[in-house]
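**Q** Have a look at the structure that comes next, please.
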DNA sequence: CGGACGCTTGAGCACATTCAACAGACGTGG
DNA sequence: CCACGTCTGTTGAATGTGCTCAAGCGTCCG
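Chains as they are written, first to last, in the working numbering: chain A, 720 to 955; chain B, 720 to 955.
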């Protein structure tokens with residue numbers, strides 16, 4: 720893909736570059752290095768000094784955090800036009816989590832200095848970065864609140880709802896989550912065990928709400944799902 | 720308190736102003752408006768547009784979020800030299816939570832424009848703001864992980880440990896949390912019910928780890944507490 | 001003095017975890 | 001191409017943590 724095509728495909732859709740003039744976008748793209756990651760490749764490890772940040776062009780990353788006791792937790796998945804590592808780089812902190820490609824992934828990469836340079840010329844970028852960080856903070860706050868008050872079934876439904884927005888792909892049969900997602904992965908996003916996820920999905924499958932298989936989930940009845948997510952009440 | 724005294728009391732201790740020259744600090748303090756809040760006063764409400772941010776000089780704020788269903792969750796307490804509203808103002812988002820004074824509180828207040836002005840003259844401020852936001856994000860990530868993997872007792876211990884750092888006051892008998900903190904408050908920080916908190920504290924009191932009363936908690940044996948927080952293992 | 005608020009304590013229960021065993025699917029290598 | 005091992009998912013049963021419901025007590029304050 721040549722630079723013009725790349726620019727076209729990104730124009731007006733990347734939160735970090737919102738409100739920037741075209742020449743800024745050109746300049747910035749020129750300074751970024753393109754990289755390709757094979758499925759399973761680890762982009763950065765939790766605890767490493769954060770020296771560069773990454774814009775995903777195509778593919779998907781899993782961002783996960785591990786505690787000293789080995790507890791694992793999936794912070795989020797990142798898709799095209801989203802940023803990886805921005806919180807750490809902007810804050811001058813080590814990466815707080817590990818990022819792994821769950822599909823073959825293409826990305827554009829800048830180092831710290833490049834970010835500082837362009838942010839000096841177009842301060843709008845710094846504002847955008849702060850807005851993105853603010854959004855992440857809100858997401859996490861919501862998640863904490865959900866973990867505190869809501870039942871597992873409700874949280875699974877909510878999580879699937881978010882994944883549909885982020886990575887849903889319409890098919891004849893319903894909306895499919897467009898990357899490999901195991902029960903274990905879902906469990907680590909929701910804060911439960913793969914057993915409970917399995918049981919819950921099996922129940923939903925019986926009711927025709929989802930169809931799921933090996934590392935695949937398809938939502939057939941999004942309305943029912945959002946009812947479960949919203950209130951937690953439903954008759955069987 | 721006059722301005723010079725105020726400056727002295729803040730110098731070198733406010734994360735937002737780290738690395739700034741003295742004259743910057745002077746200029747910034749001059750532009751801030753001083754306010755006093757009586758205990759119980761609400762500084763801002765969740766969902767309001769964020770037009771100003773606040774540096775706490777003395778006192779303490781409770782930052783809490785409420786869901787549509789009435790679920791409440793305490794995000795954090797803020798003490799002297801900390802910032803309230805910075806995530807929202809920097810990100811251009813509405814306040815994500817409600818801030819209430821839990822003691823009589825004095826603060827210094829700036830509006831958006833003032834922040835933008837000084838950040839333009841001393842870009843270091845913007846970097847500091849980002850670092851603070853990054854830190855908040857990490858805290859929340861840790862909290863999510865804890866909610867997912869750890870038992871209630873362990874989380875209560877951890878939360879108390881943090882409160883000791885933030886607001887501990889040495890006394891002859893041990894370290895006391897230096898503001899009114901009810902069982903309900905602790906429950907909303909930890910993600911449990913006041914019943915469970917009450918039972919847990921009662922058990923600890925028997926073992927001599929804490930002494931607690933109406934809206935008061937004193938830690939007598941911080942070592943035992945951090946053992947509980949760390950491993951979750953202990954013989955009764 | 002009486003009400004409101006914060007705290008304690010008990011009993012029962014439900015949701016989700018833990019433990020355990022198995023069944024398919026995938027892919028790798030012989 | 002088949003056999004095997006690994007990875008993913010399913011399902012059952014037992015267990016237990018922490019929630020819900022309920023009642024009562026002490027203290028602070030109007």
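Ideal placement from N, C-alpha and C gives every residue a C-beta, glycine not left out.
To the nearest angstrom, report how far apart residue 841/A and residue 849/A are at their CA atoms.
**A** Position 122 of the first chain, counted from the start, is the residue given in the question as residue 841/A. Position 130 of the first chain, counted from the start, is the residue given in the question as residue 849/A. Each residue's alpha carbon lies about 14 Å from the other.
**Q** Are the CB atoms of residue 793/B and residue 904/B within a distance shorter than 9 Å?
**A** Sequence index remark: in the second chain, residue 904/B carries index 185 (1-based). Sequence index remark: in the second chain, residue 793/B carries index 74 (1-based). For residue 904/B and residue 793/B, yes; Cβs fall inside 9 Å.
**Q** Strictly by DSSP, which residues pair up with residue 763/B?
**A** Working through the second chain from its first residue, we reach residue 763/B at position 44. Looking at the DSSP assignment, residue 763/B forms a beta bridge with 818/B.
**Q** For residue 850/B, which residues in chain A fall below 9 Å Cβ to Cβ?
**A** Within the second chain, the letter at position 131 stands for residue 850/B. Correct list: 809, 810, 811 and 812.
**Q** Select from the region 777–796 of chain B all residues with a C-beta closer than 7 Å to any C-beta belonging to chain A, and list them in chain order.
**A** Here the close residues are 784, 786, 790, 792 and 794.
**Q** Can you tell me whether residue 902/B is buried or exposed? The criterion is at least 16 other CB atoms within 10 Å of its CB, across all chains shown.
**A** Position 183 of the second chain, counted from the start, is the residue given in the question as residue 902/B. Residue 902/B is buried by the Cβ-count criterion.
**Q** What are the residues of the region 856–872 of chain A that lie near chain B, defined by any Cβ-Cβ distance shorter than 7 Å?
**A** Hits within the stretch, in order: 856, 857, 859, 860, 862, 863, 864, 866, 867 and 868.
**Q** Name, please, each residue of chain A whose Cβ falls closer than 7 Å to the Cβ of residue 806/B.
**A** Start at 1 with the first residue of the second chain, and residue 806/B comes out as number 87. Those are 853 and 856, listed as they occur along chain A.
**Q** Is the Cβ-Cβ distance between residue 826/B and residue 753/B less than 9 Å?
**A** One-based indexing of the second chain puts residue 826/B at position 107. One-based indexing of the second chain puts residue 753/B at position 34. Contact: yes.
**Q** DSSP on residue 798/A, reduced to helix/strand/coil?
**A** In the first chain, residue 798/A corresponds to position 79, counting from 1. It is coil, neither helix nor strand.
**Q** Pair every Cβ in the region 803–813 of chain B with every Cβ in the region 754–774 of chain B, then say whether three or more of these pairs are closer than 8 Å.
**A** At 8 Å Cβ cutoff, the stretches touch.
**Q** By the DSSP assignment, the alpha helix (DSSP H) with residue 902/A in it spans what residues?
**A** Within the first chain, numbered from 1, the residue matching residue 902/A stands at position 183. Its alpha helix (DSSP H) spans residues 902–909.
**Q** Give the interface partners of residue 910/A over in chain B, defined as CB-CB distance under 7 Å, in chain order.
**A** As a working note, residue 910/A is residue 191 in the first chain. What residue 910/A touches in chain B: 866 and 867.
**Q** Do you know offhand how far residue 930/B's Cα is from residue 871/B's?
**A** Walking along the second chain from the start, residue 930/B turns up at place 211. Walking along the second chain from the start, residue 871/B turns up at place 152. Whole-angstrom Cα-Cα distance: 19 Å.
**Q** Would DSSP call residue 873/B helix, strand or coil?
**A** The sequence position of residue 873/B within the second chain is 154, counting from 1. In this structure, residue 873/B counts as helix in the three-state DSSP scheme.
**Q** What does residue 845/B reach in chain A if we use C-beta pairs closer than 7 Å?
**A** In the second chain, residue 845/B corresponds to position 126, counting from 1. What residue 845/B touches in chain A: 845.
**Q** For residue 876/A, would you say it is in contact with chain B, using Cβ-to-Cβ distances shorter than 9 Å as the test?
**A** Here residue 876/A corresponds to residue number 157 of the first chain, with the count starting at 1. No, its Cβ sits nowhere closer than 9 Å to a Cβ of chain B.
**Q** Mind listing which residues of the region 815–826 of chain A have their C-beta closer than 8 Å to chain B's C-betas, in chain order?
**A** Listed in sequence order: 815 and 816.
**Q** What's the C-alpha gap between residue 730/A and residue 759/B?
**A** Translated into positions along the first chain, residue 730/A becomes position 11. Translated into positions along the second chain, residue 759/B becomes position 40. Taking the straight line from one Cα to the other gives about 48 Å.
**Q** Go through the region 727–763 of chain A residue by residue and report every complete run of the beta strand (DSSP E) that reaches 3 residues or more, in order.
**A** Runs of the beta strand (DSSP E) inside the region 727–763 of chain A: 752–756 and 761–763.
**Q** With a threshold of 6 Å on Cβ separation, who are the neighbours of residue 954/A within its own chain once the five nearest residues in sequence on each side are excluded?
**A** One-based indexing of the first chain puts residue 954/A at position 235. Because the pLDDT at residue 954/A is just 40, under 50, the model does not fix this residue reliably, and the point stays unresolved.
**Q** Residue 829/B bridges to which residues according to DSSP?
**A** Counted from its first residue, the second chain places residue 829/B at position 110. 772/B, per the DSSP bridge assignment.
**Q** Return the chain-ordered list of same chain residues with a C-beta closer than 6 Å to the C-beta of residue 773/B, the five sequence neighbours on each side being excluded.
**A** Locating residue 773/B in the second chain gives position 54, where the first residue counts as 1. The answer, listed in chain order, is 803, 804, 826 and 828.
**Q** Skipping 5 residues on each side, what residues in its chain have a beta carbon closer than 7 Å to that of residue 944/B?
**A** Residue numbering aside, residue 944/B sits at position 225 when the second chain is read from its first letter. The residues are 876, 879, 880, 928 and 938.
**Q** Return the CA-CA distance between residue 806/A and residue 889/A, expressed in angstroms with no decimal places.
**A** By one-based count along the first chain, residue 806/A stands at place 87. By one-based count along the first chain, residue 889/A stands at place 170. The alpha-carbon atoms of residue 806/A and residue 889/A are separated by roughly 32 Å.
**Q** Let me confirm a value: residue 952/B is counted as buried when at least 16 other C-beta atoms fall within 10 Å, else exposed. Which label applies?
**A** By 1-based counting over the second chain, the position of residue 952/B is 233. Confidence is the limiting factor: at residue 952/B the pLDDT is only 46, short of 50, which leaves the residue's position unreliable, though a coordinate-based value still follows. The residue in question, residue 952/B, is exposed, as its Cβ has fewer than 16 Cβ neighbours within 10 Å.
**Q** Based on Cα-Cα distance, which residue from 911/B, 755/B, 747/B and 926/B lies nearest to residue 823/B?
**A** Looking up residue 823/B in the second chain gives position 104. Ranking 911/B, 755/B, 747/B and 926/B by Cα distance to residue 823/B puts 755/B first.
**Q** Residue 842/A bridges to which residues according to DSSP?
**A** Stepping through the first chain from its first residue, residue 842/A is reached at position 123. Beta-bridge pairing links residue 842/A to no other residue.
**Q** Where residue 736/A and residue 784/A are concerned, what is the direct C-alpha to C-alpha distance, given to the nearest angstrom?
**A** Here residue 736/A refers to the residue found at position 17 of the first chain. Here residue 784/A refers to the residue found at position 65 of the first chain. Spanning the two alpha carbons is a distance of roughly 28 Å.
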